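Chains A, B and C are the protein sequences, given in the same order.
Numbered according to this note's numbering, the first sequence spans residues 613 to 967.
Numbered according to this note's numbering, the second sequence spans residues 2 to 307.
Numbered according to this note's numbering, the third sequence spans residues 9 to 361.
All C-beta atoms in this analysis are idealised placements derived from N, C-alpha and C, irrespective of residue type, glycine included.
Quick caveat, the model's predicted, so the values are computed rather than measured.
All remarks here apply to the structure that follows.
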Amino acid sequence: MSVLQIKRRQEPLFIWGSCLIFLGAIVLSLGISSLLLLIQDRPPIQGLVLLFQGAFGSRWALEDCLVKAIPIFLCSLGVAIAFRLQVWNIGAEGQFALGAVGATWIALNFGTLPAPLLIPLMLATAGIFGGLWGLIPAVLKTRLRTNEIITTLMLNYIAILILDYLVYGPWKDPVSFGFPMTEVFSDSAIVGSIGATRINWGLLLCVVFGVMVWVFLRFTRLGYELKASGENINAARYARLPYERLVWLVMILSGALAGSAGFLEASASLNRLQPSIMVGYGYTAIVVAWLARLNPLYIGIASYLLAGLRVGVEHIQLDLQVPAAFGGIMEGLILLTLLAGSFFNHYRLVIRRAP
Amino acid sequence: MTSEMLILLMAATIQSGTPILYATLGEIITEKSGVLNLGVEGIMMVGALAGFLAAKITGSPVAGVLAGGLCGSLLAGVHGLVCLGFQGNQVVSGLALTILGTALANYLGTPYVGQNAPGFYPVPLPVLSQVPVLGPIFFRHDLLVYGSFVAPALIWIFMKYSRWGLGLRTAGENPEAGAAAGIPVVGYRWAGILAGGFLMGIGGAYLSLAYTHIWTTGLSAGRGWIAVALVIFAFWKPGRAVVGAYLFGGVMAFQLRLQAMGANIPSSLLLMLPYGLTVVVLTLASMRQRGDQAPAVLGVNLEPRD
Amino acid sequence: MKKTVIVLLFAFVLAVAVSPAAAKDLKVGFIYVSPIGDAGWSFAHDKGRQVVDAMPGVTTSYVEAVSEGPDSERVILNMARKGYDVIFATSYGYMDPMLKVARQFPNTTFMHCSGFKLNANMGNYFGRMYQARYLSGMVAGAMTKSDILGYVAAFPIPEVIRGINAFALGAQAVNPQARVRVVWTKTWYDPATEKEAAKSLLDVGADVIAQHQDSPSPQEAAQERGVYSVGYNSDMSSFAPKAHLTAPVWNWGPLYTETVEAVQNGTWTSQALWPGMEKGIVDLAPFGPMVPQAVKDMVTKKKSLLVTGTETVFVGPLRDQAGSLRVPAGAAASDNELLGMTWFVQGVIGTTQ
Numbered sequence: 613m614s615v616l617q618i619k620r621r622q623e624p625l626f627i628w629g630s631c632l633i634f635l636g637a638i639v640l641s642l643g644i645s646s647l648l649l650l651i652q653d654r655p656p657i658q659g660l661v662l663l664f665q666g667a668f669g670s671r672w673a674l675e676d677c678l679v680k681a682i683p684i685f686l687c688s689l690g691v692a693i694a695f696r697l698q699v700w701n702i703g704a705e706g707q708f709a710l711g712a713v714g715a716t717w718i719a720l721n722f723g724t725l726p727a728p729l730l731i732p733l734m735l736a737t738a739g740i741f742g743g744l745w746g747l748i749p750a751v752l753k754t755r756l757r758t759n760e761i762i763t764t765l766m767l768n769y770i771a772i773l774i775l776d777y778l779v780y781g782p783w784k785d786p787v788s789f790g791f792p793m794t795e796v797f798s799d800s801a802i803v804g805s806i807g808a809t810r811i812n813w814g815l816l817l818c819v820v821f822g823v824m825v826w827v828f829l830r831f832t833r834l835g836y837e838l839k840a841s842g843e844n845i846n847a848a849r850y851a852r853l854p855y856e857r858l859v860w861l862v863m864i865l866s867g868a869l870a871g872s873a874g875f876l877e878a879s880a881s882l883n884r885l886q887p888s889i890m891v892g893y894g895y896t897a898i899v900v901a902w903l904a905r906l907n908p909l910y911i912g913i914a915s916y917l918l919a920g921l922r923v924g925v926e927h928i929q930l931d932l933q934v935p936a937a938f939g940g941i942m943e944g945l946i947l948l949t950l951l952a953g954s955f956f957n958h959y960r961l962v963i964r965r966a967p
Numbered sequence: 002m003t004s005e006m007l008i009l010l011m012a013a014t015i016q017s018g019t020p021i022l023y024a025t026l027g028e029i030i031t032e033k034s035g036v037l038n039l040g041v042e043g044i045m046m047v048g049a050l051a052g053f054l055a056a057k058i059t060g061s062p063v064a065g066v067l068a069g070g071l072c073g074s075l076l077a078g079v080h081g082l083v084c085l086g087f088q089g090n091q092v093v094s095g096l097a098l099t100i101l102g103t104a105l106a107n108y109l110g111t112p113y114v115g116q117n118a119p120g121f122y123p124v125p126l127p128v129l130s131q132v133p134v135l136g137p138i139f140f141r142h143d144l145l146v147y148g149s150f151v152a153p154a155l156i157w158i159f160m161k162y163s164r165w166g167l168g169l170r171t172a173g174e175n176p177e178a179g180a181a182a183g184i185p186v187v188g189y190r191w192a193g194i195l196a197g198g199f200l201m202g203i204g205g206a207y208l209s210l211a212y213t214h215i216w217t218t219g220l221s222a223g224r225g226w227i228a229v230a231l232v233i234f235a236f237w238k239p240g241r242a243v244v245g246a247y248l249f250g251g252v253m254a255f256q257l258r259l260q261a262m263g264a265n266i267p268s269s270l271l272l273m274l275p276y277g278l279t280v281v282v283l284t285l286a287s288m289r290q291r292g293d294q295a296p297a298v299l300g301v302n303l304e305p306r307d
Numbered sequence: 009m010k011k012t013v014i015v016l017l018f019a020f021v022l023a024v025a026v027s028p029a030a031a032k033d034l035k036v037g038f039i040y041v042s043p044i045g046d047a048g049w050s051f052a053h054d055k056g057r058q059v060v061d062a063m064p065g066v067t068t069s070y071v072e073a074v075s076e077g078p079d080s081e082r083v084i085l086n087m088a089r090k091g092y093d094v095i096f097a098t099s100y101g102y103m104d105p106m107l108k109v110a111r112q113f114p115n116t117t118f119m120h121c122s123g124f125k126l127n128a129n130m131g132n133y134f135g136r137m138y139q140a141r142y143l144s145g146m147v148a149g150a151m152t153k154s155d156i157l158g159y160v161a162a163f164p165i166p167e168v169i170r171g172i173n174a175f176a177l178g179a180q181a182v183n184p185q186a187r188v189r190v191v192w193t194k195t196w197y198d199p200a201t202e203k204e205a206a207k208s209l210l211d212v213g214a215d216v217i218a219q220h221q222d223s224p225s226p227q228e229a230a231q232e233r234g235v236y237s238v239g240y241n242s243d244m245s246s247f248a249p250k251a252h253l254t255a256p257v258w259n260w261g262p263l264y265t266e267t268v269e270a271v272q273n274g275t276w277t278s279q280a281l282w283p284g285m286e287k288g289i290v291d292l293a294p295f296g297p298m299v300p301q302a303v304k305d306m307v308t309k310k311k312s313l314l315v316t317g318t319e320t321v322f323v324g325p326l327r328d329q330a331g332s333l334r335v336p337a338g339a340a341a342s343d344n345e346l347l348g349m350t351w352f353v354q355g356v357i358g359t360t361q
């Protein structure tokens, strides 16, 4: 008789093995999705082709997905910094909202400034607003021992309602027939596109911030201390900054990055502020950060792939007439199989003769 | 506000707190075993659909609640499979479950939108419902509300005094020592996940069978997330979960009534009340409490042993 | 023999060439803001799409649950890239993204619902729902005993505010004592919260519940309390047969078929369409059995006056809540004033924020 046994690998699988597992998980979940299509009398192969085309198949597809990946990447980068210290910041959504509010405040009041002055000012304000919004739960956590998961989650709802209040009230555009949106930003407050593409210059921001975070986490002493203190609170005692300050720092950075995503969405994508700017990137960011194991480069890849999935599913929807929920099912399946698959990075199954 | 309106507000508080209470209790059981399940929202959605469909097919609301609970367990079982079976990250798995559950309920539920199913209606309890003030507040509800009065106490007794409760807590507090003492820690975690999913499913079914009696998609509308937050608010204690759920439901019901009475306050600001109050109350409570009372190894997977 | 084959072949080619199947089907795309499973706004639009889909020489498709942010631009763009001839975008927030795309695709026809911007190839459309709202207000005003009408409303935007005002004016026309109390839920679609909002209105004495929400749960709240209700979007009487007086309803089919026909015939021109009851875009659902004949007659009479255009809803003197004169006596509110309405008429209790 044989027995299936789980063995821990001596060392985690190297990159090719991980890729293989990744591919295996993708194939499995795409297989299940095809079955779903088949049940609905839709051609599964065509569905997968559409998905692939929509995500990678053309210049347009690459553009569309990059545009969508930008805010996810920035939020996720922020979330990853906080998670390094094991501070559970669920609040990227709210910090994103406050960043958008901050940038809009500048754009509405100083719209006449020239772009080279105005754009950095908007970015800085968005970062400060998002950072301060992140600082609230940090201070509550360190000073009053309030759990950050609940405070960041509640502050998300409050931030969105603040945004609502502003666009329904004081900031409502007088020429939009009373609809809840601010007036269109002046030209100098709008982050433009790169050449003739749909991609905005926010992509450059992503690269800069991505490299900065990578260097910070990997090569600076503070970055190392974050990781060490997160894994072992006792290590924090030997850090140069007290644990309290570390928590504040990561939450400010985390919030600032999410805030910068809010600035980009308002300025580059919508050219104004309106409630529909909130589409849940802050929550998506958590998934992406975890999948990418908090590594900036992987976060970039994961952001793009997730954006590709969402864009590609729209094509399936349009051409094959499947409901929008199909995309959610597919996304959920892919995430779950990926998670389950990563098991094999660390473990292997051994078939052994029973004694 | 007249005293009669105050009584109506209290009664509404209990009703709107009930689905959140069931879900919060479910999450408490799950987390007590050391597993964090952020998929409450998705599980509630599926529970709502399953409850509705089962009640519609069998004609029995009780069957609906059971089906809601069972399908809740089933979806939570996916979380168990990924996290306990495959050592997957609990945070991501939970978030993925929310995405999957919400989408499944929309996908499968769309053909039934706008249809009715037999559900629960208020059953005033004899004698008790006639007690002034307390009667109309507590004893003129449906059976699921009465169930939610009993459930926290039962869970508390179970956790505190039963052998199984102890096993469950061991799985969340000190699994290594437990395993060394021969306690089937992984089994307890499975039990925590499935039992918790059952209660979350009932919370969802409450929405489609008792709160409203019409099926529409998206019934949960964020209540699952509130439940996740309230677990922390309750310091993992069933009794405090009752306070949290009613506080939240009560403030929600209160702000709507403020509007109905003609309070001239922007609705965005009024809607902030329940969320802001939760933070304030939690902060006040945390200041007096030592530590946050979370199970020691919450969210940490157990190494499979050779 | 050879000749016959050629003749036959020729006839075949001719037949193929002239038969409608050979002509390129007109591709019509729709974009919805919510899943069509919401039973409300998008559901009503999708019913209109189904009418278009049944037209000869037309195929339709849709994408649902498209957020009004940057995602909508991509969806519209992809429809245009894929060669859709007519694209309907059915939510206000799609306006600017659609305009951007319309400028890039001059040969595609774009139609935007509920906005105000136009382009050579982009028109807009909406329905005068407030007419039906006014009529439903008359019914509510006649049926109330407490003179308090409850209104569960989603978001304080002009469309909703306009509807509430029309409802209040209709109620006051038959019952000057009638007051409308408004509760905002800040959600189009959360059945449990909508029901709770209705209950809060019932608790302050409302005995007719009207709604600008996508789920029928406020109707249910009214029936459970044994009072009356007015639905929205579609006939909601099946949800609350004892309470449901009537409902202002959407019927997009005629407008959609007319537009698509115009594109097919090459007669389409860019304009702002705002039809009302005269086109059947909006209507009143059948009265419930509890509505007395006298009320039915009165409402039907007013309806015919609105249909012929003899009378309109927003005629002066109209004062806002603070008492200042917004529409002077003898005048009627212009379409632009209606589109940008952000104030409540007197007799409405609630805030517009």
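Are residue i and residue j close, meaning C-beta to C-beta below 8 Å?
{"i": "L767 (chain A)", "j": "G690 (chain A)", "result": "no"}
{"i": "S144 (chain C)", "j": "F163 (chain C)", "result": "no"}
{"i": "I15 (chain B)", "j": "P137 (chain B)", "result": "no"}
{"i": "V925 (chain A)", "j": "D676 (chain A)", "result": "no"}
{"i": "A106 (chain B)", "j": "M201 (chain B)", "result": "no"}
{"i": "S879 (chain A)", "j": "P78 (chain C)", "result": "no"}
Once you ignore the five residues that flank residue i on each side, which residues in its own chain have a CB closer than 6 Å to its CB?
{"i": "E180 (chain B)", "result": "The sequence shown places Ala at residue 180 (chain B), not Glu. Correct list, in chain order: V186."}
{"i": "S122 (chain C)", "result": "Y100 and F134"}
{"i": "E795 (chain A)", "result": "D785"}
{"i": "F53 (chain B)", "result": "A118, S209 and W216"}
{"i": "A25 (chain C)", "result": "Unreliable placement is indicated for A25 (chain C), whose pLDDT of 45 sits below 50; the coordinate value is still reported in the next sentence. Within the same chain, A25 (chain C) has no close Cβ partners at all."}
{"i": "F956 (chain A)", "result": "I633"}
Ignore the nearest five residues each way along the sequence and tell me which others in residue i's own chain have a CB closer than 8 Å to its CB.
{"i": "L744 (chain A)", "result": "L710, I864 and G867"}
{"i": "W237 (chain B)", "result": "I29, E32, K33, Q294, A295 and P296"}
Span of the alpha helix (DSSP H) holding residue i?
{"i": "R82 (chain C)", "result": "P78 to R89"}
{"i": "G168 (chain B)", "result": "R164 to E174"}
{"i": "T737 (chain A)", "result": "A727 to L756"}
{"i": "I928 (chain A)", "result": "P908 to L932"}
So, at 7 Å on beta carbons, what are the nonlocal neighbours of residue i in its own chain, with the 5 sequence-adjacent residues on each side left out?
{"i": "L918 (chain A)", "result": "I684, T896 and V900"}
{"i": "V825 (chain A)", "result": "L689, I693 and P908"}
{"i": "G197 (chain B)", "result": "G27, E28, I30, T31, N38 and A77"}
{"i": "Y780 (chain A)", "result": "P792"}
{"i": "L10 (chain B)", "result": "A254, F255 and R258"}
The ligand ATP and residue i: does any heavy atom of the ligand fall closer than 7 Å to the residue's C-beta?
{"i": "A719 (chain A)", "result": "Of the ligands one can find in the structure shown there are none, so the ligand ATP has no counterpart to examine."}
Can you check which of these residues, the options, is closest to residue i by C-alpha distance?
{"i": "G570 (chain A)", "options": "A:A637, A:L853, A:V713 and A:T754", "result": "An answer regarding residue 570 (chain A) cannot be provided, because it is not within the stretch 613 to 967 covered by chain A."}
{"i": "I718 (chain A)", "options": "A:T754, A:I702, A:L640 and A:A736", "result": "A:A736"}
{"i": "S208 (chain C)", "options": "B:G223, B:Q260 and B:A235", "result": "B:Q260"}
{"i": "V190 (chain C)", "options": "C:V212, C:A140, C:M146 and C:P294", "result": "C:V212"}
In the DSSP assignment, find the unbroken beta strand (DSSP E) run with residue i in it and report its ends.
{"i": "D215 (chain C)", "result": "Element bounds for D215 (chain C): n/a, residue is neither H nor E."}
{"i": "F797 (chain A)", "result": "No beta strand (DSSP E) holds F797 (chain A); DSSP gives it neither H nor E."}
{"i": "L157 (chain C)", "result": "I156 to A161"}
{"i": "G131 (chain C)", "result": "M130 to Y133"}
{"i": "H214 (chain B)", "result": "H214 (chain B) -> no beta strand (DSSP E), and no H or E assigned at all."}
Review point. In chain order, which continuous runs of the beta strand (DSSP E) of length 3 or greater are located wholly inside the segment 624 to 706 of chain A?
Key: No beta strand (DSSP E) of 3 residues or more sits fully in the segment 624 to 706 of chain A.
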